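As structure tokens, the structure follows; a few thoughts come after it.
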Amino acid sequence: MTSDKLLIINNLKNKKMIHITPAVPTSGLFMHTLADLTGGVTIASTHLGGAYLYAGTPIGKGSDGCYEVEKIARTLYITPTSSKELKIAKGHHFLVGDYIAADVADGQKIVSVNKQHAEYDTLTLEQAFTEEIAKDTPLFASEGNNRQPKVTAVALIAHTTLVPHEGDLYCSAWLIGVVKEERSQPIAKTLREQLKLISFI
Numbered sequence: 088m089t090s091d092k093l094l095i096i097n098n099l100k101n102k103k104m105i106h107i108t109p110a111v112p113t114s115g116l117f118m119h120t121l122a123d124l125t126g127g128v129t130i131a132s133t134h135l136g137g138a139y140l141y142a143g144t145p146i147g148k149g150s151d152g153c154y155e156v157e158k159i160a161r162t163l164y165i166t167p168t169s170s171k172e173l174k175i176a177k178g179h180h181f182l183v184g185d186y187i188a189a190d191v192a193d194g195q196k197i198v199s200v201n202k203q204h205a206e207y208d209t210l211t212l213e214q215a216f217t218e219e220i221a222k223d224t225p226l227f228a229s230e231g232n233n234r235q236p237k238v239t240a241v242a243l244i245a246h247t248t249l250v251p252h253e254g255d256l257y258c259s260a261w262l263i264g265v266v267k268e269e270r271s272q273p274i275a276k277t278l279r280e281q282l283k284l285i286s287f288i
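Residues in the sequence shown are numbered from 88 upward in steps of one, following our numbering.
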């Protein structure tokens, strides 16, 4: 019996709902792949705030055999030090209570998430960043008021998948590979340094 079938059976015994979704083409994101996380991974979806988990999103080891998503985002406008409002591209997973950081700025706590605008989402921070954040800056979830990623990234999600309303998500992830820079998710330098086996070109 394969490892993925064993995982599903064990989780069913524990009454833990696992969702397996069909793969969505990655449109040339991965130019070359050498190794995946054998048997796939179970992603804890409890703290995900988006509808889809996109291919190329970084993940790391969590608890109870699950993996966790290192949340990422990209700014759409300049964020001056005088503003607590951060306008980011849609498709992220940030929620109220998360800390969001950049390579150049320590994390700040999110106190509200507004998704009403058609073109972007607005995150309101407890405190403004101490450095100006440029347009198209990659952002990531931090442990707190620092630049330490909340999740240590070890691999990238292989295919775009739908996030279930409840239960966890089962999918594949690449541990070693080459990613096309122009199609990549907004992955900050801080995270790329953790993804030692992924090359961005």
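We put the CB at the ideal spot given by N, CA and C, even for glycine.
Small disclaimer: the values here were computed from a predicted structure and weren't measured.
Grouping DSSP H, G and I as helix and E and B as strand, with all else coil, what is residue i?
{"i": "L278", "result": "helix"}
{"i": "R234", "result": "coil"}
{"i": "E269", "result": "helix"}
{"i": "A176", "result": "coil"}
{"i": "P167", "result": "coil"}
{"i": "F181", "result": "coil"}
{"i": "F82", "result": "Examination of residue 82 is not possible in this model, given that the chain is present from 88 through 288 alone."}
{"i": "G194", "result": "strand"}
{"i": "S90", "result": "Residue placement at S90 cannot be trusted, given a pLDDT of 44 that sits under 50; what the coordinates show is reported in the next sentence. Correct three-state label for S90: helix."}
{"i": "C258", "result": "strand"}
{"i": "Y154", "result": "strand"}
{"i": "T209", "result": "strand"}
{"i": "V200", "result": "strand"}
{"i": "H119", "result": "strand"}
Within 10 angstroms of the Cβ of residue i, are there 16 or more other Cβ atoms? Answer buried if so, exposed if not.
{"i": "D255", "result": "buried"}
{"i": "K222", "result": "exposed"}
{"i": "P167", "result": "exposed"}
{"i": "D151", "result": "exposed"}
{"i": "I285", "result": "buried"}
{"i": "G184", "result": "exposed"}
{"i": "T217", "result": "exposed"}
{"i": "A188", "result": "buried"}
By Cβ distance, which residues of its chain are closer than 8 Å to residue i, with the 5 residues on each side in sequence left out?
{"i": "A260", "result": "D123, L124, G127, V128, I146, Y154, A242, L243, I244, A245"}
{"i": "E230", "result": "Y186, G194, P236, K237"}
{"i": "R279", "result": "I285, F287"}
Please name the residue, chosen from the options, that lies closest to residue i on a Cα-to-Cα basis.
{"i": "K283", "options": "I263, Y139, Q272", "result": "I263"}
{"i": "A131", "options": "C258, E268, R270", "result": "C258"}
{"i": "A192", "options": "I220, T120, K177", "result": "I220"}
{"i": "S114", "options": "V266, R279, I288", "result": "V266"}
{"i": "I274", "options": "A240, P251, Q203, K174", "result": "A240"}
{"i": "D190", "options": "H204, T224, K177, A215", "result": "T224"}
{"i": "A176", "options": "T162, A188, S170", "result": "T162"}
{"i": "T277", "options": "L173, E253, N233", "result": "N233"}
{"i": "F227", "options": "Q281, E206, N201, Y207", "result": "Q281"}
{"i": "G137", "options": "K148, V200, A215", "result": "V200"}
Give every residue of the same chain whose Cβ lies closer than 7 Å to the Cβ of residue i, excluding the five residues on either side of it in the sequence, and list them in chain order.
{"i": "T144", "result": "V156, I159, L243, I244, Q272"}
{"i": "E268", "result": "F287, I288"}
{"i": "L135", "result": "V156, H180, V250"}
So, under 8 Å CB-CB, residue i and residue j are touching, yes? Tell me the CB distance rounded to an integer number of Å.
{"i": "A142", "j": "L182", "result": "Actually they do not touch by this definition, with Cβ atoms about 22 Å apart."}
{"i": "T209", "j": "Y139", "result": "About 20 Å separates the two Cβ atoms, so there is no contact after all."}
{"i": "E213", "j": "K196", "result": "4 Å"}
Please list, in chain order, all residues of the same chain as residue i whose beta carbon is under 6 Å from its beta carbon, the five residues on each side excluded.
{"i": "T120", "result": "W261, G264"}
{"i": "V198", "result": "T211, E213"}
{"i": "K174", "result": "L163, Y164, Y207, T209"}
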